[in-house]
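Here's the structure we're looking at; comments come further down.
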Amino acid sequence: MKYLNVKDLLFTIVFTALWIGLIYKKAGLYDWIFQFDNILISYLVIAIPIIIYATTLIMSRIAKVKFLNKSND
């Protein structure tokens with residue numbers, strides 16, 4: 001893909017690992033997330049920041065290529 005590279009994938013993996021590590025390290029946060037009866041809600045609380053980060057990263061790359069690199073048209 002011309003928009004993403006290995007560095008972006010690495011940043012997303014590192015962010016995911018740090019986010020999940022923070023959740024498991026902080027006992028209060030872990031207990032708060034997993035207190036919900038519906039386990040899907042708990043996993044959405046974990047996944048939504050990761051999805052937002054990855055989407056922001058991808059959209060910034062697309063905007064950079066589309067608007068700043070006019071010579072690529």
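Position 64 of the sequence shown, counted from 1, bears residue number 64 in the UniProt record's numbering, the numbering being contiguous throughout. Think of the CB as a built atom: it goes at the ideal place given N, C-alpha and C, for glycine as much as any other residue. Being a predicted model, the structure only gives us computed values, none of them experimental.
Problem set entry | Where Lys26 sits in the DSSP three-state scheme | Translated into the one-based positions of the sequence shown, residue 26 becomes position 26. Reduced to three states, the DSSP call for Lys26 is coil.
Problem set entry | Spatial distance of Phe36 from Tyr30 (CA atoms) | As a first step, residue 36 must be located in the sequence shown, where it is residue number 36. As a first step, residue 30 must be located in the sequence shown, where it is residue number 30. Looking at the two C-alpha atoms, the distance is approximately 11 Å.
For this session: State the DSSP-derived secondary structure class of Asp31, mapped to helix, strand or coil.
Result: For the purposes of this step, residue 31 is identified with residue 31 of the sequence shown, where counting begins at 1. Three-state DSSP puts Asp31 in a helix.
Exercise. Just the Cα atoms here: how many angstroms apart are Lys7 and Ile62?
Worked result: Taking the first residue of the sequence shown as 1, we reach residue 7 at position 7. Taking the first residue of the sequence shown as 1, we reach residue 62 at position 62. The alpha-carbon of Lys7 is positioned some 15 Å away from that of Ile62.
Exercise. Which class does Asp73 belong to by DSSP, given the choice of helix, strand or coil?
Worked result: As a working note, residue 73 is residue 73 in the sequence shown. Annotation note: pLDDT 46 at Asp73 (below 50); position unreliable, no value reported.
Problem set entry | Close Cβ partners of Pro49 (< 8 Å) along its chain, the five nearest in sequence each way excluded | Within the sequence shown, numbered from 1, the residue matching residue 49 stands at position 49. Excluding its 5 nearest sequence neighbours in each direction, Pro49 has C-beta neighbours in its own chain below 8 Å: Trp19, listed in chain order.
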